[in-house]
Every structure is written in C-alpha cells, then in structure tokens.
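From first to last, the protein sequence lines stand for chains D and X. For what it's worth, the working numbering labels the leading residue of the first sequence as 10, then goes sequentially. For what it's worth, the working numbering labels the leading residue of the second sequence as 122, then goes sequentially. Glycine included, each C-beta is placed from N, C-alpha and C at the ideal position.
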Amino acid sequence: MKKMVSLEIDGKEVKVEEGKTILEAAKEAGIEIPTLCYHEGLKPYGACRICSVEIERKGRTRIVTSCCYPVEEGLKVKTNSEKVKKIRRTIIEMLLPISPTGPIMSLAKEYGVEKSRFSGERTYCILCGLCVRYCAEIKKENAITFVGRGADRKVAVVPEKADVCAMCRECYELCPSGKIIDIIGY
Amino acid sequence: MVKRINSPEDLEKLRNEIIAKSKAEKHVVSVCMGTGCIALGADVMMDALEKEVEKHGLKGKVEIKKVGCVGFCEQGPIIIIYPEEICYLKVKPEDVPDIVSKTLVEGKIVERLVYTDPNTGEKIPKLGEIPFYKHQHRLLLANNGRIDPRSIEDYIAVGGYKALAKALFEMKPEEIIEEIKASNLRGRGGAGFPTGIKWETTRNAPGEPKYVIVNCDEGDPGAFMDRALMEGNPHSVLEGLIIGAYAIGAHEGFVYVREEYPMAAENISLAIKQAEEYGLLGENIMGSNFSFKVTVHRGAGAFVSGESSALMTAIEGKVGEPRPKYIHTAVQGIWNKPSCLNNVKTWACVPLIILRGAEWFRSIGTKGSSGTMIFSLVGKVNNTGLVEVPMGITLRDIIFKIGGGIRGGKKFKAVQTGGPSGGFIPEELLDTPVDFDELRKVGSMMGSGGMVVMDEDTCMVDAARYFVDFLLEESCGKCVPCREGLKELSRILNNICRGEGKEEDIQLIEDICETMSEASLCALGRTAVNPVLTSLKYFREEWDEHIKDKKCRAKVCKALINYYIDPELCQACTLCLRECPVGAIHGDKEHVHWIDQDKCIKCGTCYEVCRFGAVKKISGEPIPPPPKGMKPIRKRRE
Ligand SMILES: Cc1cc2nc3c(=O)[nH]c(=O)nc-3n(C[C@H](O)[C@H](O)[C@H](O)COP(=O)(O)O)c2cc1C
Ligand code: SF4
Ligand code: SF4
Ligand code: SF4
Ligand code: FES
Ligand code: FES
Numbered sequence: 010m011k012k013m014v015s016l017e018i019d020g021k022e023v024k025v026e027e028g029k030t031i032l033e034a035a036k037e038a039g040i041e042i043p044t045l046c047y048h049e050g051l052k053p054y055g056a057c058r059i060c061s062v063e064i065e066r067k068g069r070t071r072i073v074t075s076c077c078y079p080v081e082e083g084l085k086v087k088t089n090s091e092k093v094k095k096i097r098r099t100i101i102e103m104l105l106p107i108s109p110t111g112p113i114m115s116l117a118k119e120y121g122v123e124k125s126r127f128s129g130e131r132t133y134c135i136l137c138g139l140c141v142r143y144c145a146e147i148k149k150e151n152a153i154t155f156v157g158r159g160a161d162r163k164v165a166v167v168p169e170k171a172d173v174c175a176m177c178r179e180c181y182e183l184c185p186s187g188k189i190i191d192i193i194g195y
Numbered sequence: 122m123v124k125r126i127n128s129p130e131d132l133e134k135l136r137n138e139i140i141a142k143s144k145a146e147k148h149v150v151s152v153c154m155g156t157g158c159i160a161l162g163a164d165v166m167m168d169a170l171e172k173e174v175e176k177h178g179l180k181g182k183v184e185i186k187k188v189g190c191v192g193f194c195e196q197g198p199i200i201i202i203y204p205e206e207i208c209y210l211k212v213k214p215e216d217v218p219d220i221v222s223k224t225l226v227e228g229k230i231v232e233r234l235v236y237t238d239p240n241t242g243e244k245i246p247k248l249g250e251i252p253f254y255k256h257q258h259r260l261l262l263a264n265n266g267r268i269d270p271r272s273i274e275d276y277i278a279v280g281g282y283k284a285l286a287k288a289l290f291e292m293k294p295e296e297i298i299e300e301i302k303a304s305n306l307r308g309r310g311g312a313g314f315p316t317g318i319k320w321e322t323t324r325n326a327p328g329e330p331k332y333v334i335v336n337c338d339e340g341d342p343g344a345f346m347d348r349a350l351m352e353g354n355p356h357s358v359l360e361g362l363i364i365g366a367y368a369i370g371a372h373e374g375f376v377y378v379r380e381e382y383p384m385a386a387e388n389i390s391l392a393i394k395q396a397e398e399y400g401l402l403g404e405n406i407m408g409s410n411f412s413f414k415v416t417v418h419r420g421a422g423a424f425v426s427g428e429s430s431a432l433m434t435a436i437e438g439k440v441g442e443p444r445p446k447y448i449h450t451a452v453q454g455i456w457n458k459p460s461c462l463n464n465v466k467t468w469a470c471v472p473l474i475i476l477r478g479a480e481w482f483r484s485i486g487t488k489g490s491s492g493t494m495i496f497s498l499v500g501k502v503n504n505t506g507l508v509e510v511p512m513g514i515t516l517r518d519i520i521f522k523i524g525g526g527i528r529g530g531k532k533f534k535a536v537q538t539g540g541p542s543g544g545f546i547p548e549e550l551l552d553t554p555v556d557f558d559e560l561r562k563v564g565s566m567m568g569s570g571g572m573v574v575m576d577e578d579t580c581m582v583d584a585a586r587y588f589v590d591f592l593l594e595e596s597c598g599k600c601v602p603c604r605e606g607l608k609e610l611s612r613i614l615n616n617i618c619r620g621e622g623k624e625e626d627i628q629l630i631e632d633i634c635e636t637m638s639e640a641s642l643c644a645l646g647r648t649a650v651n652p653v654l655t656s657l658k659y660f661r662e663e664w665d666e667h668i669k670d671k672k673c674r675a676k677v678c679k680a681l682i683n684y685y686i687d688p689e690l691c692q693a694c695t696l697c698l699r700e701c702p703v704g705a706i707h708g709d710k711e712h713v714h715w716i717d718q719d720k721c722i723k724c725g726t727c728y729e730v731c732r733f734g735a736v737k738k739i740s741g742e743p744i745p746p747p748p749k750g751m752k753p754i755r756k757r758r759e
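Written as structure tokens, this is what we have:
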C-alpha cells in the first residue's frame, strides 16, 4: 500500500496517495483546475501554465503548475487566488489571438477576458504538444515533432513518417485547436 | 609510458622531481595562447620567440610556456616574464628581438611594451601592479599565466591533485560534504544554490548510478570566464569533479562543453587522458578503491541549453529542452538518476576549499556569499577582460578601480550583471556589493558572471529591447508565458523605440512581466523580465520621453533622432555632401550646408565624417529650418 499524504486545497483537507500531483488531488476532492496541455495518459509536460496554482510551503508562497507538482505533506494550495486568476487571464489573453477556438474561448468567458491586448499571429496551434507526446509516448512512432525554437516553434510531420500518420490519425482526438488536421491533412 | 601514481607519497615524490627539474631554468616566459590572444596573432609571435631564443643560445636557460588566457585579452598578445613578472602587452613578432636581447639577456625593460596608465602616463612593468590586476583577488585564475594547461606536470608542480589525495585518503565522503557546506560555497552558474546541500541531496537520493556533471555551456554572449578556466587550467576543474564524485558516490561524470569552444574541449579531453595515465582517474584512483570515469559531451544549442534539465536531456541524446523539475535534477536527472550539475567555476573552487579549509574560504567575501567570483567585464570601460574579485567588492570598485572608469571620459549610466537576463543597475546603486542576495535585491543577479558597463550614450529603452530580442531568439518556445510574453514584449519595445509607443503599453508590459516571472517553466522566462523591469524602475523618465515626447536622450533610437548641421560651425568643406549616400545635403564651397530632412535616411554618415563637429543629432526638439537663401559660412578664427 502506498503512503498517504494530506494537504489542504482551498481550505479543504485532502488525503491522497504519495506521488500524485496537485491536479490529481484536486480532482479527487472535486475541485476543478483548468488545463490545456495535460492528459492523464501522458507524462506531465508543463507547457501551457494555465493550471498554475499558488502553494504555501515553509511560510513562503509561490506559483507552480498543478499538473506537474507532486503533493507534499502539509502543503497549502490555493487554486483560485487573485494572483492565480490574474496569471490565468494573462495566459488566456496570450492565447486568444493565436487560437480563438473552443477551449480558449470558453476559458476566456469563464475568466472574463473580453478582449486581448496581445497580437500573436493566428496559427491556431497552441503548442500544447499533446499530439507530439501521444505519438511518442503511446504510439511510440515519433512521426510528428516540434521544429524551430522560440517564436518559430511549430509542429511538423517527420517527412519519412508521413505514411505512418496517414494510417493512424489517433492524435486528432486530442488536439484542442483542431490544427493537427491542417498539419497532417485529412 | 608514465608511471602510475599509487599513493599520496607517489604524488609528492613526482612533484618534487618536477620542481627539481625546472630549477635549472632562469627565466620562464609565459606566452598567452588563449583564444583571444591567438586571434590577435599570438601563435606567429610565439614562433618568432622560439627562434629568437634559440638564436641567442638561451635554450635551457629560458623556458617558454604556452599558457591559458590571463584575462586582459584586449591588450593581447600578452607575454609575462617570470620571476620578475614583467608583463608585455600587444606584442608583435617585430618586438621579439628586443624582448630577448634587452630583457632576457640584459635584464632591461622594453618600455614601449609596458602598460601605461592612461590617467597618469606612468609605465607599469609588473603584472601585479597594473591597476587591472592590482585590485583583483585571483584564486581560480591564479595559475592561468603560470602553467601550461596541456601539461599535467605543470599542474602537479603548483600543488595540483594534492586536494584529491587529501580527500581520498584523509576524509570520508560525508566529511567532504560537510566541509563544502561549511565553506558556504554557492553555485557560480546561475542561481547561487548552496553546493554542499546539492551534493548531499544527490548522495542521499535513491537510485544508482549517480552522475556528476560540469556545465561549460556558457551561452552568455560576451562572457568567457568558463572558457578561460577550461582552456587555461582544465585540471583544476577535473580535480574538483573527481573530489565531488567521491563525496557524492558517483562513478561516472560528464563535462558538457559548448560546440563553439573547441580549445576548451580539447584541453579538458587531454587533461582527462593525462589524469587516466597517471592513475588519477579511472580504476582505483591513486591506489584507493575509488573509481571514476569522465566523458566530454559537445553540445550545440541555444542559450537555454545551459539550463540544468535541458542540458541533462541533451546528454541523454535528446533535444535539449527544459522540463518541469519540481523533483530536483539532483534527485532525478540524467536518465532519471540522481545527477549533480555544477558550473565550471564551482567545481574549480573545490580543490581550494579541501586544501585550505572551509574557514579560509569563508574569510573571503561576505556572510552570504563566500569566496571569489570571476566576471567578464565588458562594455564602455577602459579596461575590459576577466576579473576575479572577492565577493563583497562594490560594483563601483570593479568598474572604476579595475575597469579604469568609463571610456572616453563619458558618464556612467548603468551596469548589467548576470548576463542577458540580468538587470540594469543605475549610478545611485553602484555601491551595491557583489553578493548573490544583494544583486537580487536590486533587481539583477549574479548569473554566471557577465558584466556589461553602459555609458550615457546608451538608451535604456533600446537596451531592454535588445535583450528581449536576444532572449526571444534563445527561448525554446515550449511554455506560453515565455514564448508569447517575449514575442509581445519585443513588439511593444520595438514600437516604443520606433516612436510608436502608447501610454497604456506600460501596464501591458508590467502584466506580461508578472506572468512571465511567476509562471514560466524555466529560469530563462522567469528572469528574462529583469532588463525590462529594471529599465522601467530606474530609468522611467527615458520611457516617458520615448512615449510622450518622442525623444531619445541618448540619441540612439533612429526613428526619434534627426541630423542637423549647425550653421555656426559648418566650414563648407563639402565632405558630408559628397559622402551622403542619398544626396540629402545641400550647399557649396562658399555656403553652409543643410540637410533635407525628407530625403535623409539617418545613416549617420555626415555625423561620422564631419571634422568640425558641425553635424548634430537632435531628438525631441524642433529641427531648425534650413538657412534662408544660401548663408555664407563663418570661418573659424585661426
Ligand atoms: C537559460 C539558462 C541558461 C543557463 N546557462 C548556464 C550556463 O551556461 N552555465 C552554467 O553553469 N549554468 C547555466 N545555467 C544555470 C544552470 O541551470 C544550473 O543552475 C547551474 O549549472 C548549476 O550549477 P551551480 O550550482 O554550480 O551554479 C543556466 C540557466 C538558465 C535558466
Ligand atoms: S496541433 Fe493541436 S495537439 Fe498538436 S500541439 Fe498544436 S494544438 Fe496541441
Ligand atoms: S521559460 Fe522559455 S526557455 Fe524556459 S521552458 Fe519556457 S519557453 Fe522554454
Ligand atoms: S557639416 Fe561638416 S562635413 Fe558638412 S560641409 Fe559643413 S563642415 Fe563640412
Ligand atoms: S495543464 Fe499544466 S501546464 Fe498545461
Ligand atoms: S586570451 Fe590572452 S589574455 Fe585572454
């Protein structure tokens, strides 16, 4: 039997198995935290940062991503503090012009972001890496990958593997923006 | 075949033999063969020197040593003659005959090659008395200049591997860790994490094997302190690494060297080979039962490749990208095994601490930051180069005493410490001591030791823009705050520098910086805001001027300046008229010249060529109208 750890999330006492993440613990306690790049079947990735929460540890508070941070005994977590909300709003503002798609639009609505001050190019892909990681971790094909760095980062099919994708397309279901259909093709 | 060293006594015996052998030579001539001096022709000069020494029949009396960077690269090629410690700067092959006949034969100084104090005109032949060196405290760099980095005998002669012998035969691993903890040594590569605690974490972490790694990525543009150590004294880094491995319980180590550093990679590879031959590396080191092997890993990548998790992924053979490390790499690093990564300088401190003790180390520096730090001092100071200083020294002393003040008698404006994501520190904070915590308090950081001095001709908005653009290029693009934040910051800052800034931009900049610094995945994104925030905090007037008055007081932002010819000063020499690439200048030999602002592309050619200082840059003020008719020139009184 695994060791149990107790922590406090939004004032609620929560007991979960050691090794779980804050996100998983919150879910068990019925507390919802928004996510974009998280998937339960894949390794934590920590790219979108929308799942950020505020933790208190040894009297000091800091922002961490709940999908990556493992629970600790006595940890105090705030999933929706003012600071957290402000960070999420800015992240939503960042993504909105790039990808005015379902998941982002509904987050914008939930967090009251009406207009974005950002001017990112509308490429739709939010670079969550769900497709790339599904292909690498579950299919073990590595048929799609990230290319470029910084502002030039994008998802591309590995040319020699194009026929693998043509036969599979399982990642389509994971893509929050629908961009993957453009990348791989119908 | 060299003889294996099988005990501390063997090492001591070898050391004595080497010293006895070298006693015969009267003079040692150290020629800097660092990357900087070679670029300035040190290798050609070296050939000339070898021939000249032979010609004078001085072989056996004079030893010529190829040494690593001595830090004063802009004055290269550099020669130091021991025991007198005479330092010759900017030495050309033509100078060699004089050096040999005057100094080596007659014992006289060649005045023209000696350092001249720009303020007093005084000639200073002795290395240690040149202001650039006088105020330094060289521990890690002490032997750069004295030893041939490609000779393990040289290193052994100056006491090398003695610390290793002490660690292996007189100390338990736990005692070594305690000693490092007691020394208060903090990491020299970035965040200043306490080294002893990191070692202990890796030692106690479950899982085998454990790894130790040297970080010689040094992606910081313009910085070369790690390169200089690796090139100039690779055995000191290696000795520190072996001691660390023994303390931590690692049997395998990596040295990560960036692709652009071929000589560093070559010298450390040679050092590893030599250490193996002497039994100081490999199986049963020095006859003990500790075994350890080291591999050099060449890394090609961006600035972010030096980040710990990115570097470790690269060693695994994957694309080097940061990953979340709420479980420290010290616990789960390379292949998820406990891995202890330290900077080149951090490792090089270790033998010194083991040999001379934690207390001695702590006696140098401040309470929170012990020991010395090496900075790469560049920018608008008179003396640029590598400076090793005790922690606690003020920025003012580094810039004015060691750096010799601002070039060209200009006024100091700011200093950036800590590399491209360090903050800009203004004049009123120049008495800030060099200390991990103090630098952080003023909005900057120690980083890996970059130090860029800026003068009054630097626009602080433009400087922030420059570093944002640099970091945008170098960001891996994985996480949203850093990627999108830098993209937007770049757009806004470029707009402001183009005179298209809006007042509400400041609020957006602050919101972006907050989210980046709180929520980015790795320290690149979290610290990238430092140049922007410190520029805003300490130089806010300049931002307001750019946005509201369309004025750049340093006259750097091209869109905000105009060139204008002062009719009182113009001598109608027609030079600018002839040089202007777009024919924007009017005038003739009898009349003052004027610039047609509609045609001018602001290339600055006229400003550069005018010998009378008649061409002015103006910003934020109306351009006086061109002279009505053709105004005759007012000749200067002779
Ligand atoms: C973007 C980025 C670049 C870095 N580059 C370097 C580097 O070039 N050299 C280095 O030693 N540390 C670098 N670091 C710091 C490392 O992540 C790590 O903290 C350090 O190597 C640990 O060694 P230390 O404890 O001896 O400082 C970098 C960190 C970041 C975030
Ligand atoms: S294509 Fe879709 S799944 Fe893949 S990274 Fe982009 S948004 Fe994510
Ligand atoms: S902070 Fe920047 S460099 Fe670091 S992971 Fe995020 S995008 Fe990459
Ligand atoms: S502005 Fe200077 S360069 Fe041009 S004509 Fe006058 S004196 Fe000559
Ligand atoms: S869901 Fe946690 S970082 Fe994306
Ligand atoms: S390379 Fe010669 S002093 Fe730096």
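Taken through DSSP and simplified to helix, strand or coil, residue 153 of chain X comes out as strand. The alpha-carbon separation between residue 158 of chain D and residue 596 of chain X amounts to approximately 7 Å.
For residue 555 of chain X, the secondary structure class from DSSP, reduced to helix, strand or coil, is coil. Judged by DSSP secondary structure, residue 146 of chain D falls outside any beta strand (DSSP E); it is assigned neither H nor E. DSSP places residue 165 of chain D within a strand segment (E or B) once states are collapsed to three. Cβ neighbours of residue 445 of chain X within its own chain (closer than 7 Å, five residues either side excluded): 642. Residue 683 of chain X sits in a strand when the DSSP states are folded into three classes. Ranked by how close their Cα comes to the Cα of residue 603 of chain X, the residues X:542, X:660, X:550 have X:542 in first place. Among the residues of the stretch 97–108 of chain D, those with a Cβ less than 7 Å away from any Cβ of chain X are 99, 100, 103, 104, in the order of the chain. When secondary structure is reduced to three states using DSSP, residue 699 of chain X falls in the helix class. Here residue 501 of chain X has 527, 528, 531, 574, 575, 576 as same chain residues with Cβ atoms under 7 Å from its own Cβ, once five neighbours each way along the sequence are excluded.
Against chain D, the beta carbon of residue 448 of chain X has neighbours under 8 Å at 79, listed in chain order. Each of D:134, D:135, D:136, D:137, D:138, D:139, D:140, D:164, D:183, D:184, D:185, D:186, D:188, D:189, D:192 has a C-beta closer than 6 Å to some heavy atom of ligand 2; these make up the full list, in chain order. Membership of residue 116 of chain D in the alpha helix (DSSP H) is indicated by the continuous run 111–119.
Assigned with DSSP and collapsed to three states, residue 504 of chain X falls in coil, not helix or strand. Contacts between residue 249 of chain X and chain D, judged by CB atoms closer than 8 Å, are missing: the closest CB pair is about 45 Å apart. The contact set of residue 72 of chain D on chain X, defined by CB atoms closer than 8 Å, consists of 639, 640 in chain order.
Within a 10 Å sphere around the beta-carbon of residue 609 of chain X sit 16 or more other beta-carbons, which makes this residue buried. Note that the C-beta distance between residue 440 of chain X and residue 375 of chain X is not below 9 Å. The beta carbon of residue 514 of chain X sits closer than 6 Å to the beta carbons of 555 from its chain, once the five residues preceding and following it are set aside; these are given in chain order. When DSSP states are grouped into helix, strand and coil, residue 724 of chain X belongs to the coil group. Taking the C-beta atoms as reference points, residue 201 of chain X is found no nearer than 9 Å to residue 143 of chain X.
Residue 451 of chain X is not a Cβ neighbour of residue 293 of chain X, given a cutoff of 9 Å. For residue 162 of chain D, the chain X residues whose C-beta falls within less than 8 Å of its own C-beta are 597, 598, 599, 604, listed in chain order. The Cβ neighbour count for residue 321 of chain X, taken over all protein chains shown within 10 Å, is at least 16; the residue is labelled buried. Near ligand 3, meaning a Cβ closer than 6 Å to any of its heavy atoms, lie the following residues in chain order: X:425, X:443, X:596, X:597, X:598, X:599, X:600, X:603, X:604, X:641, X:642, X:643, X:645, X:646. Using beta-carbon distances, residue 440 of chain X counts as an interface residue toward chain D, with a partner under 9 Å. The C-alpha of residue 670 of chain X is placed about 6 Å away from the C-alpha of residue 741 of chain X. Within chain X, 599, 600, 601, 642 have C-beta atoms less than 8 Å from the C-beta of residue 56 of chain D, given in sequence order. With its beta carbon less than 9 Å from one in chain D, residue 608 of chain X belongs to the interface. From the beta-carbon of residue 53 of chain D, the residues of chain X found nearer than 8 Å are 445. Separation of residue 88 of chain D and residue 59 of chain D (C-alpha to C-alpha, rounded to the nearest whole angstrom) is 11 Å. The Cβ neighbour count for residue 703 of chain X, taken over all protein chains shown within 10 Å, is under 16; the residue is labelled exposed. Residue 47 of chain D has its Cβ nearer than 8 Å to a heavy atom of ligand 5. Residue burial is scored here from C-beta neighbours: residue 161 of chain D has fewer than 16 other C-beta atoms within 10 angstroms and is therefore classed as exposed. The Cβ neighbour count for residue 676 of chain X, taken over all protein chains shown within 10 Å, is at least 16; the residue is labelled buried.
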